[in-house]
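Number of protein chains: 2
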Amino acid sequence: MISSSLMFLVSRRRLSASAAVRANVGFIGLGNMGAPMAANLLKKAHGVTVFDVNAHAVKQLTAAGAQAASSARGVAASGVDVIVTMLPSSPHARAVYTGENGVLSGVKSGALLIDASTIDPTVSRELALAAAHKGAAFIDAPVSGGVLGASNGTLTFMVGGAKEAFDKAKPILECMGKNVVYCGGPGNGQVVKICNNLVLGISMIGVSEAMNLGVKLGMDAKTLASIFNTSSARCWSSDTYNPVPGVIAGVPSSRNYDGGFGSALMAKDLGLAIAAAHDIKAPLPLGGAALQLYNLLSAHGLGQKDFSVAYQFLAGQHDAKK
Amino acid sequence: MISSSLMFLVSRRRLSASAAVRANVGFIGLGNMGAPMAANLLKKAHGVTVFDVNAHAVKQLTAAGAQAASSARGVAASGVDVIVTMLPSSPHARAVYTGENGVLSGVKSGALLIDASTIDPTVSRELALAAAHKGAAFIDAPVSGGVLGASNGTLTFMVGGAKEAFDKAKPILECMGKNVVYCGGPGNGQVVKICNNLVLGISMIGVSEAMNLGVKLGMDAKTLASIFNTSSARCWSSDTYNPVPGVIAGVPSSRNYDGGFGSALMAKDLGLAIAAAHDIKAPLPLGGAALQLYNLLSAHGLGQKDFSVAYQFLAGQHDAKK
Chain D
156 MISSSLMFLV SRRRLSASAA VRANVGFIGL GNMGAPMAAN LLKKAHGVTV
206 FDVNAHAVKQ LTAAGAQAAS SARGVAASGV DVIVTMLPSS PHARAVYTGE
256 NGVLSGVKSG ALLIDASTID PTVSRELALA AAHKGAAFID APVSGGVLGA
306 SNGTLTFMVG GAKEAFDKAK PILECMGKNV VYCGGPGNGQ VVKICNNLVL
356 GISMIGVSEA MNLGVKLGMD AKTLASIFNT SSARCWSSDT YNPVPGVIAG
406 VPSSRNYDGG FGSALMAKDL GLAIAAAHDI KAPLPLGGAA LQLYNLLSAH
456 GLGQKDFSVA YQFLAGQHDA KK
Chain F
156 MISSSLMFLV SRRRLSASAA VRANVGFIGL GNMGAPMAAN LLKKAHGVTV
206 FDVNAHAVKQ LTAAGAQAAS SARGVAASGV DVIVTMLPSS PHARAVYTGE
256 NGVLSGVKSG ALLIDASTID PTVSRELALA AAHKGAAFID APVSGGVLGA
306 SNGTLTFMVG GAKEAFDKAK PILECMGKNV VYCGGPGNGQ VVKICNNLVL
356 GISMIGVSEA MNLGVKLGMD AKTLASIFNT SSARCWSSDT YNPVPGVIAG
406 VPSSRNYDGG FGSALMAKDL GLAIAAAHDI KAPLPLGGAA LQLYNLLSAH
456 GLGQKDFSVA YQFLAGQHDA KK
């Protein structure tokens with residue numbers, strides 16, 4: 156078992172708790188999510204050394220007070236105690252950690268590596284093992300909350316890794332987020348994230364199908380939702396984030412599906428769930444069908460709209476030509 | 156619009172409120188659900204006249220104090236103020252109401268007809284219209300709560316029809332159930348029931364897929380469920396009726412999926428949703444896939460097991476040969 160041997164390796168090394176709040180932090184991956192997260196770290200008075208292939212993104216952070224390094228290795232070799240990475244996919248994470256100029260080629264023993272990317276849990280476990288061989292602790296800490304949560308410092312982090320690494324990471328993560336949830340050993344943060352979004356992606360389509368059917372059969376949408384919400388159809392997709400415009404104020408469905416969590420991002424997370432499930436032959440009949448529907452939304456120009464736009468699409472109210 | 160013209164017809168007739176609690180009630184359909192429902196009516200001191208094609212079922216009710224009629228028409232012609240029907244499907248309901256010896260051939264003007272069957276909402280609306288032409292009020296009042304709820308008098312009724320007919324029916328329904336929910340005009344009780352169970356049938360499979368994936372990827376089931384239950388995967392199928400044995404005490408998954416709501420019954424309700432949706436060309440991509448999975452459960456001998464057995468089946472833990 157990768158996870159148990161890994162936990163053993165990591166638990167043999169004591170991580171310094173004193174480095175927590177005033178640590179020098181490296182930050183790699185300054186995209187839509189990473190840039191505001193790094194900016195929030197800077198605001199909390201940590202020293203921050205950044206790297207991104209996008210020079211413009213780096214310049215914005217250095218203008219705000221960050222140091223710049225010329226590679227992921229450069230960040231690691233700059234002597235930082237903690238490195239946070241926020242990357243788009245598994246191949247990017249592999250390259251940034253284990254590539255020629257990657258973090259692990261320059262990391263110091265005792266460093267804490269926090270990968271906030273959403274990637275394949277198997278890759279997270281590989282990286283945790285590779286980090287442990289360099290004497291560094293690695294935790295996977297994928298987020299929910301989107302760009303708004305990253306800007307406002309209200310992200311939720313789902314963390315997998317050794318408990319003492321989690322304890323050390325918590326004050327760092329709390330500079331960027333509101334909720335930091337320990338999910339167990341290495342990779343488990345990713346597992347929780349993809350499993351959560353698997354349920355969410357499915358239930359949003361289920362609620363959308365049922366609300367559309369009910370409304371088309373003559374029900375008032377608010378009445379139907381209110382009965383769902385006190386019965387066995389009750390779920391977050393109905394009672395907190397209802398996809399029908401006007402049922403709940405302030406959610407994306409009530410502002411033309413703008414903001415929120417894009418259909419294309421939901422498709423990405425479902426793709427990760429399906430890939431992980433395929434590796435272990437776990438069947439996802441509805442997860443697979445849900446992915447196809449979110450891809451269909453992207454094909455119809457709705458990839459950047461909140462994923463609850465599934466309702467509008469099923470209802471036939473979206474016309475890409477208009 | 157069928158529903159608005161129907162509401163108009165019904166609202167023109169005043170229904171007598173005085174008939175409510177001490178009414179003479181007819182009861183047609185003494186199956187697993189109907190028999191205990193009729194018995195509960197008898198216990199509350201209503202005069203009850205029954206009919207069923209199954210003579211044995213009739214005999215058990217007459218032994219408990221009911222009168223017997225020789226047909227549905229016979230029940231209607233016996234002078235009862237209220238008739239309750241509990242039938243297996245739309246064709247049965249059509250035959251019992253509009254057939255040669257049906258209720259409508261013998262019903263008196265001003266009678267209240269309560270159909271507690273779960274059937275196609277379009278058929279409910281047809282029957283409500285046909286009843287209105289005879290001067291009778293018809294409400295659709297499908298239930299949730301199963302055989303146990305029918306025996307204990309704790310059913311939930313979802314009621315569609317004119318509001319004054321609902322008000323008159325409420326004390327009758329409260330002899331057999333705990334919750335009586337008004338859903339709007341004719342057919343809306345059926346619409347709410349099939350839409351609720353559409354969400355439920357989908358979300359149970361979604362939770363089952365995600366719990367199986369998470370557990371197979373190394374998560375503790377209780378930890379995973381507890382994180383779902385405070386995040387966007389939160390739903391009744393996870394926090395109240397979790398399909399993984401041992402996560403919640405006292406639910407069917409923790410007693411070998413016995414009792415509860417059978418997979419075959421869930422398939423029946425999804426079939427109704429899909430038929431109703433097909434008539435109006437409302438797409439149900441996940442509802443359709445969910446129906447196929449519940450039918451697969453029946454094909455594997457799990458039709459009488461609670462529908463949360465989907466988890467066990469996806470996990471490959473059920474072996475029909477053993």
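Here the protein sequences come in this chain order: D and F. Quick note: to get the numbering used here, add 155 to the position in the first sequence (first position is 1). Quick note: to get the numbering used here, add 155 to the position in the second sequence (first position is 1). A virtual CB, placed ideally from N, CA and C, is assigned to each residue, including glycine.
Nearest-angstrom Cα separation, counted from residue j out to residue i
i, j, result
"F/VAL335", "D/ASN195", "52 Å"
"D/LEU161", "F/LEU368", "Low local confidence applies: a pLDDT of 35 at D/LEU161 is under 50, so the model's placement there is unreliable, with the coordinate-based value given in what follows. D/LEU161 and F/LEU368: Cα-Cα distance of roughly 21 Å."
"D/GLY290", "F/LEU446", "51 Å"
"D/ILE274", "D/LEU267", "19 Å"
"F/ALA376", "D/ALA432", "16 Å"
"D/ALA248", "D/ASN343", "17 Å"
"D/HIS484", "F/GLY229", "Summary: the structure shown does not reach residue 484 of chain D, with chain D confined to residues 156 through 477, and so no result is reported for it."
"D/VAL406", "F/ASN351", "22 Å"
"D/SER225", "F/LEU469", "48 Å"
"F/ALA404", "F/ASN307", "21 Å"
"D/GLY332", "D/THR311", "6 Å"
"F/ILE349", "F/HIS211", "31 Å"
"D/PHE462", "F/LYS263", "53 Å"
"F/THR240", "F/ARG280", "15 Å"
"F/VAL213", "F/ALA324", "24 Å"
"D/PRO398", "D/ASP413", "12 Å"
"F/GLN467", "D/SER245", "31 Å"
"D/ASP270", "F/ASN187", "56 Å"
"D/LEU448", "F/PRO326", "45 Å"
"F/GLY471", "D/ASN209", "47 Å"
"D/ALA283", "D/ALA250", "14 Å"
"D/GLN215", "D/ILE183", "14 Å"
"D/PRO191", "D/SER272", "14 Å"
"F/PRO243", "D/LEU328", "56 Å"
"D/ASP322", "D/THR309", "19 Å"
"D/GLU255", "D/LEU457", "38 Å"
"F/TYR396", "D/ASN411", "34 Å"
"F/HIS201", "F/LEU427", "33 Å"
"D/ASP566", "D/GLY265", "Given a span of 156 to 477 for chain D in the structure shown, any question on residue 566 of chain D remains unanswerable."
Whole-Å CB distance - residue i paired with residue j, under 8 Å assumed
i, j, result
"D/LEU185", "D/VAL203", "The pair is not a contact, with the Cβ atoms about 11 Å apart (cut-off 8 Å)."
"D/ALA296", "D/VAL278", "In fact, because the Cβ distance is near 14 Å, the residues do not count as touching under 8 Å."
"D/GLY257", "D/ALA227", "5 Å"
"D/GLN345", "D/PRO438", "Actually they do not touch by this definition, with Cβ atoms about 20 Å apart."
"F/GLY189", "D/GLY340", "Incorrect: roughly 53 Å between the Cβ atoms, too far for contact."
"D/LEU452", "D/VAL464", "6 Å"
"D/ALA232", "D/GLY261", "4 Å"
"F/ALA193", "F/ALA221", "7 Å"
"D/GLN459", "D/GLY417", "5 Å"
"F/VAL354", "D/ALA419", "About 25 Å; that fails the 8 Å criterion."
"F/ILE435", "D/LYS423", "So it is not a contact: roughly 33 Å between Cβ atoms."
Same chain only: Cβ atoms within 7 Å of residue i, ignoring 5 sequence neighbours per side
i, result
"D/PRO400", "SER408 and SER409"
"F/ARG389", "PHE383"
"F/LYS199", "CYS330"
"D/LEU259", "TYR252, THR253, ALA285, ALA286 and LYS289"
"F/ARG169", "Note that F/ARG169 has pLDDT 36, beneath the 50 cutoff, so the model's placement of it is unreliable and no number is given."
"D/ASP394", "ASN384"
Beta-carbon proximity list for residue i, same chain, < 8 Å, skipping 5 on both sides
i, result
"F/ILE429", "LEU439, GLY442, GLY443 and LEU446"
"F/SER386", "none"
"D/CYS338", "MET313, VAL314, GLY315, GLY344, VAL346 and VAL347"
"F/LEU197", "VAL203, LEU216, ALA219, GLY220 and ALA221"
Cutoff 6 Å; reference residue i; Cβ partners in own chain excluding five residues on either side
i, result
"F/GLY181", "THR204, VAL230, VAL235 and ILE238"
"F/GLY356", "MET421, LEU425 and ALA445"
"F/SER392", "SER358, MET359 and VAL362"
"F/VAL402", "ALA376, LYS377 and ALA380"
"D/VAL298", "ALA271, LEU310 and PHE312"
Continuous beta strand (DSSP E) assignments of at least 3 residues falling wholly in the stretch 193-275 of chain D
Annotation note: the stretch 193-275 of chain D contains the following uninterrupted beta strand (DSSP E) runs of length 3 or greater, listed N- to C-terminal: 202-206, 237-240 and 267-270.
I'd like to know if the stretch 293-308 of chain F and the stretch 357-374 of chain F are in contact, where contact means that at least 3 CB-CB pairs between them fall below 8 Å.
Three or more beta-carbon pairs separated by less than 8 Å are not found between the stretch 293-308 of chain F and the stretch 357-374 of chain F, which leaves the two stretches without contact.
Segments assigned alpha helix (DSSP H), at least 4 residues, entirely inside the stretch 300-363 of chain F:
301-307 and 318-328, all fully within the stretch 300-363 of chain F.
Mind listing, in chain order, the continuous beta strand (DSSP E) runs of no fewer than 3 residues lying wholly within the stretch 355-431 of chain D?
Within the stretch 355-431 of chain D, not a single complete beta strand (DSSP E) segment reaches 3 residues in length.
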